[in-house]
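First up is the structure itself, then whatever we jot down about it.
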Amino acid sequence: MRRRLARSEGPWAWLAAGSVALSLLMLGGLLLLLAVRGLGHFWPVSVTLVELEDGRLLAGQAVRELPLEHRAGRERLYFTGNRDLDGHVWHWLPVDSIVASERPAELVVLERRRHGAFIGRLVAVGESDALPSAQSREAAWARLEARLAELGGLRDEYDRLRRDVLRPLIRRLDARPDDTAARQALAEANARVRELQQAMDGQAALLESVDGRRLVQPLDEVLRAWQPNAMSLGEKAGAWARGVWRFLSEGPRDGNTAGGVWPAIFGTVLMVLLMSLLVTPFGVLAAVYLNEVAHQGRLTNLVRIAVRNLAGVPSIVYGVFGLGVFVYGIGGTLDDWFFSDALPSPTFGTGGLLWASLTLALLTLPVVIVATEEGLARIPVQQREGALALGATRLETLTRVVLPMAVPAMLTGVILAVARAAGEVAPLMLVGVAKLAPQIPVDGEFPFIHLDRKFMHLGYHIFDTAFHGNDVQAALPLVYATALLLVMVILVLNLTAIFLRHYFRSRHGVQPRP
Amino acid sequence: MIPFGKARGRRRLWHSALALLLAWAMSTAHGDEPVGTLGVVGSDTMAGLMLRWGEQLSERHPGIRLQLQASGSASAPTALAAGTTRLGPMSRAMSDSEREAFHQRHGYPVLEVEVARDALAVIVHRHHALESLRLEEIDAIFSTTRRCGGDEAILRWEQLGVAGRGGRIELNGRNPASGSFGLFRQQALCGGSYSPRLNEHPGSAAVVAAVTESREAIGYVGLNHLTPGVKALAIEDGEGRRHAPAAETVRQGEYPLGRALFLYVNLPPGEALAGPERALLDLILSSQGQRTVAEMGFVALAEEHLTAQRELLGLDVTRP
Amino acid sequence: MIEPPNLASAPRSPWRRRFDRLATGLIAAGGIGVIVAVMAIGAFLVVEVLPVLLAGRLDMERVRVALTPMAWGTLKAALWAMLFAVPLALGAAIHSALFMTQRLRSRMKPTLEMMEAMPGVVVGFVAGLVMAPWVERHLAGVLTLMLALPLGVLLAAGLWRRLPSGWRRGLSLARAGLWLVPWLLLLALVTFALAPWLEGLLFGGDLRVWLDRELGLDYSTRNAMIVGVAMGFAVMPSIYALAEDALSGVPSRLGEGAHALGATRWQTLWRVVLPAASPGIFAAVMIGTGRAVGETMIVLMASGNAALMSLSPFEGMRSMAAGIAVELPEAVPGSEAYVLLMLAALLLFLFTFLVNTLAEVVRSRLRRRYRWLGGAA
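Here it is as structure tokens:
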């Protein structure tokens with residue numbers, strides 16, 4: 001008995017090992033889930049033509065499968081598009097009722113600005129008032145592609161015109177309605193817009209759903225078209241890459257169920273940047289005070305413990321503080337003093353970029369203080385004594401010797417703070433994110449960065465799209481993709497911090513606080 | 001093909017040059033084209049709808065920009081009374097005290113324009129055998145007070161006599177801050193209080209997702225959130241007639257859980273609407289605007305209702 | 001840190017000296033200012049709540065009705081999260097502090113720190129919209145898995161002992177954290193394949209119906225079990241990190257002494273290392289509790305927010321943090337709802353602050369004890 005015990009470690013050691021394995025498994029599983037679902041969304045999935053028992057025909061992409069009750073087989077969810085024909089875009093079909101399914105190459109998928117996707121056949125493309133009722137498939141497709149490319153250029157010019165010419169002119173006229181030069185410029189721009197609008201419409205496509213219902217689709221509402229069943233692997237990979245790029249570079253459409261997350265990326269980055277600008281100097285100041293200036297007594301130790309504890313206070317409490325003090329307190333007062341002409345609609349008295357950054361700065365202050373202090377404590381006392389002995393004042397010792405050596409620690413602290421801030425959502429719900437803010441808070445309008453504006457945030461975007469959208473099932477892939485993006489950003493930031501800390505530790509030995 | 005296209009292109013060039021000249025002449029001569037920024041403060045339920053209308057408005061009149069502040073229906077009356085906005089969308093009717101505040105400040109009543117209808121649907125899993133419920137049954141399921149007249153609390157599906165369906169009813173609804181929470185309480189619970197077993201989801205999509213996945217669940221959401229994953233129940237009235245939550249029943253006011261969506265306008269009596277505001281209301285009360293309503297999942301207004309309101313606002317009635 | 005220099009002997013100009021004093025004063029003022037600003041959070045909440053409470057403008061009965069379910073839910077969520085996280089975190093900490101090779105350990109720690117960095121909103125989304133419905137459909141499989149995983153690990157240990165010694169060296173206990181991963185995966189797959197058969201055999205085909213009929217247990221899709229696993233996943237890394245520090249900080253000569261007397265590594269751990277590190281582990285658990293109590297997004301998205309007061313793992317709950325997050329932006333400042341939510345925030349603040357202070361005090365005691373024992377921590 002004794003020999004066996006001595007040789008083996010007993011069951012508990014194995015259970016301990018098992019908990020490591022389980023943790024790794026959960027982490028890996030979560031990352032894998034996000035990666036597969038998030039990245040898989042951009043792959044142009046093949047469209048299946050399904051024939052049902054009752055003779056109905058449907059074309060769509062299989063999304064998921066669930067067991068039916070009482071072991072009566074399974075049912076499958078198809079994304080079938082064609083909201084304008086069917087009223088909705090989903091079909092739940094019992095798998096047993098499907099008698100045949102194939103993937104004909106001629107099926108097209110159109111992404112449209114209204115009514116979402118169309119899945120079916122392309123019959124003809126032409127002038128809307130003289131649409132031929134039949135055309136060869138190749139000719140129609142070629143014409144469609146050519147026209148869509150042309151429309152892309154026109155649409156770009158249209159958007160540019162609206163953004164760069166019309167908006168500033170409207171603002172000028174809002175301020176001075178009798179500005180004749182602006183009025184004239186606006187009239188010219190208007191004429192150009194009308195011209196573009198005219199150039200954009202006029203052509204239409206005759207579409208046919210797989211069960212034979214036809215509709216005329218004006219082409220200016222079509223964003224993209226593809227024939228997923230006819231695409232080669234290379235083409236699909238290209239489409240996938242373009243899809244990922246559009247996701248990163250475009251704004252959301254259709255109540256966040258389509259399009260990209262660019263404003264959310266921008267909002268997150270801008271907020272985090274502002275936050276680090278605020279938190280770094282204050283955090284370092286407090287750490288330097290605690291570690292270099294304050295008398296190292298019981299009181300300082302108490303303060304140190306309190307600051308550490310604040311890192312453990314829930315983020316939502318910081319949000320409450322931000323709402324009460326920054327938004328209602330300071331913001332309300334600012335509105336009374338400077339923006340009283342706009343009251344009661346608040347300018348700074350409501351959540352916005354500035355208040356969100358400030359709140360998160362406060363939230364991450366303990367992180368920066370603790371990390372910087374750790375770095376300062378690790379600098380050998382001899383360094384300071386040496387500088388002082390050479391005749392440097394306290395300030396000079398601090399700025400020339402101590403602080404430069406503590407830079408990596410500060411950097412680590414700031415990066416950790418940024419990683420924490422980028423993932424926090426709860427306080428932002430109180431102090432300033434918006435469901436949809438198509439205008440990013442930076443533009444050509446004075447003062448260029450609009451600190452009072454609401455902004456979009458990746459984390460909140462996940463919450464909002466998953467819980468507030470019109471159709472969760474449609475938005476789910478985008479939620480996965482956004483979650484993956486957020487996790488990637490945070491992991492990269494954390495890895496940087498870990499690397500820096502490691503590098504820093506290996507350069508200076510650990511010096512315990514005396 | 002090619003020469004045809006070329007000729008067409010030349011013709012189009014002519015057209016556009018003509019249009020340009022015309023537009024320039026018109027705008028310099030009459031200043032006809034409405035220009036300006038429209039500030040709109042109000043409901044967040046209607047935010048998507050207002051944004052869509054704003055987009056269409058800028059397409060019709062490139063000189064108009066719509067700026068939306070969607071911070072909830074309650075923000076509209078205060079902003080209207082204070083005069084910071086002239087347009088306030090609300091997902092409920094203004095209360096008497098709100099109207100009074102406006103009247104006192106401006107000396108005339110606020111103008112109420114109904115722009116669309118909406119309704120709450122009671123939903124169950126798509127394979128559920130249940131087809132309809134009476135209002136007092138809904139109350140007995142969702143509330144602890146049973147003010148609408150139910151005899152006993154309904155906790156299990158067996159109590160409703162649904163074949164092959166047992167187990168406890170899982171309640172799903174919205175959080176107290178939402179408009180649906182209050183509306184459902186007013187109309188379906190007769191003002192009573194919710195059962196503590198209600199799962200309060202922070203969004204309507206979450207309610208639909210929960211009911212899609214669970215066969216024991218029941219919930220309520222706005223019409224625009226319905227998907228084929230759930231089944232919307234008809235509501236039975238006292239005489240045993242069933243009213244399904246469809247566009248027609250909501251439009252006629254037969255479906256009991258309906259509500260109207262309003263746009264409140266600050267318009268002194270006897271005055272005409274200013275350019276951009278006129279253009280917006282013209283769009284909203286047009287067939288295009290009402291198509292957008294339907295596209296966004298709300299219920300469009302009846303034709304005669306539209307015409308009546310256009311007349312009231314002094315809009316062109318012949319060209320809806 | 002810097003001793004005040006002996007000014008008389010230093011060759012410094014009066015201007016430099018004055019400038020130095022001024023700058024130091026500014027730093028001190030700034031530092032104190034920042035620290036005061038950080039501390040203002042507690043003061044702010046007290047100022048918002050206390051006058052209203054003292055003036056008696058709040059109906060205490062309503063406060064009780066509104067806050068009790070929320071406080072209950074908060075603690076219930078934290079309890080289930082800790083039930084999941086503490087064994088997992090301590091097991092992982094023990095394994096990596098005492099059994100792993102140094103190299104593996106230096107890789108493992110950052111990996112688990114990564115887990116801590118997972119944003120709550122992502123975990124909450126996966127738990128609430130993906131995991132909860134899935135678990136509802138596979139309830140029997142999931143519950144079986146909870147039994148099967150520890151048993152499977154023990155099975156692996158038994159099999160391992162029968163392996164040829166060459167294999168055993170390859171699959172050593174030190175690396176078990178890694179090679180058990182595919183084993184657990186296999187186990188999970190087998191469990192889910194067998195679960196429907198088991199469910200048919202033991203529970204008449206549907207576990208949910210059986211729970212309802214036999215035990216009167218209500219199963220709601222979003223429940224404490226889901227929240228426990230999701231939030232346990234979120235707080236486990238911070239407990240792990242602190243517990244691991246405490247364990248590996250135990251002076252090595254203590255362990256070596258026990259080894260020399262013939263104890264196995266596990267006996268050493270149980271009788272010597274664990275008692276020595278227990279204050280640190282206590283602190284780790286406390287800090288984990290603090291985090292679980294304040295976590296917002298996971299509870300908001302996965303708990304269902306039903307104002308129930310039960311302990312059942314299959315029913316939902318409503319937590320204070322989630323309530324604040326959704327209700328406060330809509331509450332009119334000064335109104336009853338607003339003050340109530342502020343009160344909830346104050347309670348959260350006090351609770352976490354106390355728990356963290358307790359943990360910090362215990363930890364500093366521990367550090368002193370290690371120093372006394374001659375450790376390096």
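First to last, the protein sequences are chains A, B and C. Here the first sequence is numbered in UniProt numbering, starting from 1 and rising by one per residue. Here the second sequence is numbered in UniProt numbering, starting from 1 and rising by one per residue. Here the third sequence is numbered in UniProt numbering, starting from 1 and rising by one per residue. Cβ atoms here follow ideal geometry from the backbone N, Cα and C, with glycine treated the same way.
Straight-line Cα distance separating residue j from residue i
| i | j | result |
| --- | --- | --- |
| N199(B) | A302(C) | 11 Å |
| A209(B) | R215(B) | 12 Å |
| D129(A) | G352(A) | 49 Å |
| A23(B) | K454(A) | Caution is warranted here: a pLDDT of 46 is assigned to A23(B), below 50, making its placement in the model unreliable, and no coordinate value can be reported. |
| W372(C) | R365(C) | 11 Å |
| A16(A) | L178(C) | 12 Å |
| A234(C) | S310(C) | 23 Å |
| R105(C) | P119(C) | 24 Å |
| V89(A) | R74(A) | 20 Å |
| N356(C) | G312(A) | 7 Å |
| H103(B) | A81(B) | 8 Å |
| A217(B) | L183(B) | 20 Å |
| Y158(A) | L186(A) | 14 Å |
| L131(A) | G212(A) | 17 Å |
| G161(B) | L341(C) | 41 Å |
| K6(B) | R147(A) | Unreliable positioning characterises K6(B) in this predicted model, as indicated by a pLDDT of 42, which lies under 50. The coordinate reading is nonetheless provided below. Near 15 Å, if we compare the C-alpha coordinates of R147(A) and K6(B). |
| H30(B) | A331(C) | With a pLDDT of only 40 at H30(B), under the threshold of 50, the placement of this residue in the model should not be trusted; the figure read from the coordinates follows. Cα-Cα distance, rounded: 49 Å. |
| A127(C) | R394(A) | 54 Å |
| N175(B) | E374(A) | 44 Å |
| N229(A) | V45(A) | 8 Å |
CA nearest to the CA of residue i, picked from the options
| i | options | result |
| --- | --- | --- |
| H95(C) | V209(C), F353(C), L83(C) and L269(C) | L269(C) |
| Q69(B) | A217(B), G88(B) and G83(B) | G88(B) |
| A294(A) | G31(C), A97(C) and V63(C) | G31(C) |
| L171(B) | E256(C), A306(C), M115(C) and L207(C) | A306(C) |
| E65(A) | A43(C), R137(C) and R18(C) | R137(C) |
| E303(B) | R291(B), V35(B) and V221(B) | R291(B) |
N- and C-terminal bounds of the alpha helix (DSSP H) containing residue i
| i | result |
| --- | --- |
| Y78(A) | Element bounds for Y78(A): not the alpha helix (DSSP H) but the beta strand (DSSP E), R74 to F79. |
| Y194(B) | Segment: none, Y194(B) is in no alpha helix (DSSP H) and carries neither H nor E. |
| T180(A) | T180 to M200 |
| R162(A) | Taken as a continuous stretch (DSSP letters only), R162(A) belongs to no alpha helix (DSSP H), as it is neither H nor E. |
| K109(C) | Q102 to A117 |
| W210(C) | L207 to W210 |
Cβ of residue i within 8 Å of any chain F Cβ
| i | result |
| --- | --- |
| F504(A) | As a matter of chain content, chain F is missing from the structure shown, whose protein chains are A, B and C. |
Residue i: first and last residue of the uninterrupted beta strand (DSSP E) it sits in
| i | result |
| --- | --- |
| I218(B) | A217 to G222 |
| M90(B) | L87 to M90 |
| Y264(B) | G258 to V265 |
| H305(B) | First-last for H305(B): E303 to L313, but that is the alpha helix (DSSP H), not the beta strand (DSSP E). |
| H125(B) | L111 to H125 |
Whole-number beta carbon distance between residue j and residue i, since they are thought to touch under 8 Å
| i | j | result |
| --- | --- | --- |
| N190(A) | E277(B) | The Cβ separation is near 19 Å, so there is no contact. |
| E208(A) | R121(A) | 5 Å |
| L151(C) | S19(A) | So it is not a contact: roughly 14 Å between Cβ atoms. |
| L486(A) | G459(A) | 6 Å |
- Answer yes if the region 467–482 of chain A comes into contact with the region 395–414 of chain A, meaning at least three C-beta pairs across the two stretches below 8 Å, and no otherwise. no
- Query: Taking contact to mean at least 3 C-beta pairs separated by less than 8 Å, is the region 255–262 of chain B in contact with the region 108–123 of chain B?
  - Reply: yes
- Taking contact to mean at least 3 C-beta pairs separated by less than 8 Å, is the region 27–44 of chain C in contact with the region 305–322 of chain A? yes
- Query: Is the region 272–292 of chain C close to the region 162–182 of chain C, with three or more CB pairs under 8 Å?
  - Reply: no
- Message: With three or more C-beta pairs closer than 8 Å as the rule, is the region 228–236 of chain B touching the region 127–137 of chain B?
- Response: yes
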